[in-house]
Amino acid sequence: RKQQHSAKTTLSDFSITQRIIAIFERAVVRHPEDVQLWLQFVEFIKSRRRMSTGDADEEDDGHSRLLSQVFARAISAHPYESQLWIKAAAHELEVNMNGSAARALLQRALRLISDDKELWIEYFRLELLLVEKIKARRRVLGIDGEKETGDSDEVQATGSEDTEDAGFIDLPQLDEEGGQDLMVEKLTEKALAQLDQKTAASAGNLTEEQRAAMSQQTNAYLQGAVAQIVFEQAIQAISDDLSFRQELIAIAGQFAGAEQLRQRVLDSIGQDFVTDADARAYLCSVHLSTISTESPELIDGLQLAVENFKQALSELDTPEMWAKYVEFLSQWLDASESMKSLQAYFAAQRKRAVAMISESRDARLNEELALSCADVIEADGGDVLSWLADATQRFPDSADVWHRRMSALVAGNHDGLNSGIASSSRIDNLFTSQALLQAPASRKLWDLWFNWTELWFSRKDVSADKVQARYMSAFARVTQQRTLQALSADPDSLAQVQTLVAHLQTRYIDWAWKLPASHQPLSAFGELAHAQFRPDNDDSDMEDSEQCAEPATGNIEALRQAYRNVSRHAFPTPGLYRRCIELETDAKHLAMLHEMACRVDEAESEPWLAYLRFLAESKQLSQASDVFWRATQTIPDAELPAFEAAYKNMFQ
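Per the numbering used here, the sequence shown starts with residue 1342, numbered consecutively.
What follows is the structure, given as structure tokens:
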């Protein structure tokens, strides 16, 4: 009895709910433009409905009516927000049990935003769901092939069970609708009217028993006629979106009686995306989505997919289509690891595909496919270096192709035992004279180069001064005109150059910081001008050089020499100074770093605030006042209020 009593909605629960609803009401009145606020209001009311018990039917009805009113107000305020329309239609269908009202809402939404994918998808799903509900009802009543009250009445009553009108969403005509009917709405009404006429005409020549025994197969509505109309209108509104049609196919696949409709969508992809490699690849293997991985039909399905790909390649012999084929073979080669015969089949097919691509490289090869084929050749134990050398000649500006080639060369030279494959000096020359020259904006290529350089330094095959010289050369190279030209197509090209330079400078600082404390002092930049990288075990340059491991505290002298080198002979970035401030410990040097950070980024408030925070913690209040005044002269006026407020908070 206590448990039953505790499950009931108490007066306090009701009062709290009403209080929260009142807060939401005031909020949406004050901020009607906030869509998320409306959605939160809706979700709260729905959550209270779910919490209602069987003894609270009146309260539940009240929440349902309130939810309908909120939906009407929210949609009136935001008629172009598809999520509101979709949630309102779901409310009509799931709560009010009114499929006709749900359909009407989505049709009205599509009048306003006919290019919204989610609306079309939900409308398509709704029509299939309504048909499924009728079929389920007929099966329960034993109408199919037995006796029924008539198709016409049942079609008209699609999802429109008797429910109190008070719970329906009473949405007035919106100004944005303009009084125009959506084409799909007219076609839907026409299709339903034709079904009624067909049923009535047939009824004149049939006995009562024959009319009652009309088969569901003769009813076009139950075969998805309206859903097909929705689909045809949808692809007219959204004609070039493959993913949209794939979603429609996935939805149709969830309903047992929608096979013909699903096939119709598939056929439309084949007709409208003839030269699209993604679409052709999807059609080649879409049948596999209906086959279980443990089904005996899987092998036949995979072989059919391979044949479909071969047929597609005969019609669309492009690099993109070959790339999709190789990707498909590689995926199933990995997935069939437990089935050796199937794995051997895919391995043979993939090897044959790469051979065919190699025979016609000019016509069939692009950057993506060149990299995919390199992976295949390497996995099969082939001459991947020769393949990548040819690829860099075909695509000299591709950072990805160069990175793949240089990674393979570095890996082959990593242990120092395969110098016959590529000597260190040859790799170094290839980096500096070709790879980094052709792809100067590639961060991962620069990182690969410095990883390799620092590896040789850790093995005492190159001195610290030569590593420094390499970094300083990199700072200059990435800011040269060639880099700007490589990035000129991007409106943020200068920002990209700055980001790359900042990354390299920070990397240089970290390398210097991690040098062993016993390491000889780093040289100033002037002494590095003629240093070159030649990993030849020249011991004269390696005095006091040790393995570069992370020290407990860091090499502070090397750090200071490093940021002095950058400050004097390169273009220091804000990121450089931020990193140095994190590592520096001396107050005098910290003040200098903060000062330099503000100079290179004087329009930003954060460096100034960091400087002021440092001065406040150091009790240098007079200096802080001077810095604050300078900051107010350089920070944009729009940002000054926030800057001044943050400054005041430091002393509260």
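Virtual Cβ for every residue (Gly too), placed ideally from N, Cα, C.
Residue i in three-state terms, based on DSSP
{"i": "residue 1792", "result": "helix"}
{"i": "residue 1437", "result": "coil"}
{"i": "residue 1657", "result": "coil"}
{"i": "residue 1978", "result": "helix"}
{"i": "residue 1737", "result": "coil"}
{"i": "residue 1892", "result": "For residue 1892, the predicted structure reports a pLDDT of 43, less than 50, and the residue's modelled location is therefore unreliable. The matter cannot be settled from this model."}
{"i": "residue 1409", "result": "helix"}
{"i": "residue 1723", "result": "coil"}
{"i": "residue 1687", "result": "helix"}
{"i": "residue 1988", "result": "helix"}
{"i": "residue 1958", "result": "helix"}
{"i": "residue 1635", "result": "coil"}
{"i": "residue 1614", "result": "coil"}
{"i": "residue 1421", "result": "coil"}
{"i": "residue 1679", "result": "coil"}
{"i": "residue 1565", "result": "coil"}
{"i": "residue 1372", "result": "coil"}
{"i": "residue 1628", "result": "helix"}
{"i": "residue 1766", "result": "helix"}
{"i": "residue 1972", "result": "helix"}
{"i": "residue 1579", "result": "coil"}
{"i": "residue 1447", "result": "helix"}
{"i": "residue 1801", "result": "coil"}
Same chain, Cβ closer than 7 angstroms to residue i, neighbours up to 5 away in sequence not counted
{"i": "residue 1706", "result": "1660, 1698, 1735"}
{"i": "residue 1411", "result": "1382, 1383, 1386"}
{"i": "residue 1749", "result": "1725, 1726, 1729"}
{"i": "residue 1450", "result": "1423, 1426, 1460"}
{"i": "residue 1790", "result": "1772, 1777"}
{"i": "residue 1455", "result": "1578"}
{"i": "residue 1994", "result": "Lying outside 1342 to 1993, the shown extent of the chain, residue 1994 is not represented and no answer is given."}
{"i": "residue 1708", "result": "1736, 1739, 1741, 1742"}
Cβ-Cβ separation, residue j to residue i (assumed contact under 8 angstroms), whole Å
{"i": "residue 1670", "j": "residue 1690", "result": "5 angstroms"}
{"i": "residue 1598", "j": "residue 1564", "result": "7 angstroms"}
{"i": "residue 1965", "j": "residue 1972", "result": "Residue 1965 to residue 1972, Cβ: 10 angstroms. No contact."}
{"i": "residue 1857", "j": "residue 1896", "result": "7 angstroms"}
{"i": "residue 1943", "j": "residue 1975", "result": "4 angstroms"}
{"i": "residue 1846", "j": "residue 1917", "result": "4 angstroms"}
{"i": "residue 1469", "j": "residue 1592", "result": "7 angstroms"}
Nonlocal neighbours in the same chain, by C-beta distance under 6 angstroms from residue i, ignoring five residues either side
{"i": "residue 1461", "result": "1575"}
{"i": "residue 1653", "result": "1621, 1625"}
{"i": "residue 1607", "result": "none"}
{"i": "residue 1618", "result": "1661, 1662, 1665"}
{"i": "residue 1771", "result": "none"}
{"i": "residue 1464", "result": "1447, 1571"}
{"i": "residue 1505", "result": "Because the pLDDT at residue 1505 is just 46, under 50, the model does not fix this residue reliably, and the point stays unresolved."}
{"i": "residue 1783", "result": "1740"}
With 16 other Cβ atoms within 10 Å as the buried cut-off, status of residue i
{"i": "residue 1779", "result": "buried"}
{"i": "residue 1420", "result": "buried"}
{"i": "residue 1817", "result": "exposed"}
{"i": "residue 1925", "result": "buried"}
{"i": "residue 1742", "result": "buried"}
{"i": "residue 1677", "result": "buried"}
{"i": "residue 1894", "result": "exposed"}
{"i": "residue 1914", "result": "buried"}
{"i": "residue 1511", "result": "exposed"}
{"i": "residue 1658", "result": "exposed"}
{"i": "residue 1765", "result": "buried"}
{"i": "residue 1611", "result": "exposed"}
{"i": "residue 1440", "result": "buried"}
{"i": "residue 1615", "result": "exposed"}
{"i": "residue 1590", "result": "buried"}
{"i": "residue 1982", "result": "exposed"}
{"i": "residue 1802", "result": "buried"}
{"i": "residue 1364", "result": "exposed"}
{"i": "residue 1356", "result": "exposed"}
{"i": "residue 1747", "result": "buried"}
{"i": "residue 1452", "result": "buried"}
{"i": "residue 1637", "result": "exposed"}
8 angstroms Cβ shell around residue i - same chain, five flanking residues per side excluded
{"i": "residue 1633", "result": "1639"}
{"i": "residue 1646", "result": "1625, 1626, 1628, 1629, 1669"}
{"i": "residue 1953", "result": "1965, 1968, 1969, 1972, 1988, 1991"}
Any non-hydrogen atom of the ligand FMN closer than 7 angstroms to residue i Cβ
{"i": "residue 1986", "result": "The ligand FMN is not part of this structure, which contains no ligands at all."}
Where in the region 1450–1486 do unbroken runs of the alpha helix (DSSP H), each at least 4 residues long, occur, reported from the N-terminal end onward? As far as the region 1450–1486 is concerned, its whole alpha helix (DSSP H) runs of at least 4 residues are 1458–1482.
Which full runs of the beta strand (DSSP E) of 3+ residues lie inside the region 1907–1963, going along the chain? Complete beta strand (DSSP E) runs here, min 3: none at all.
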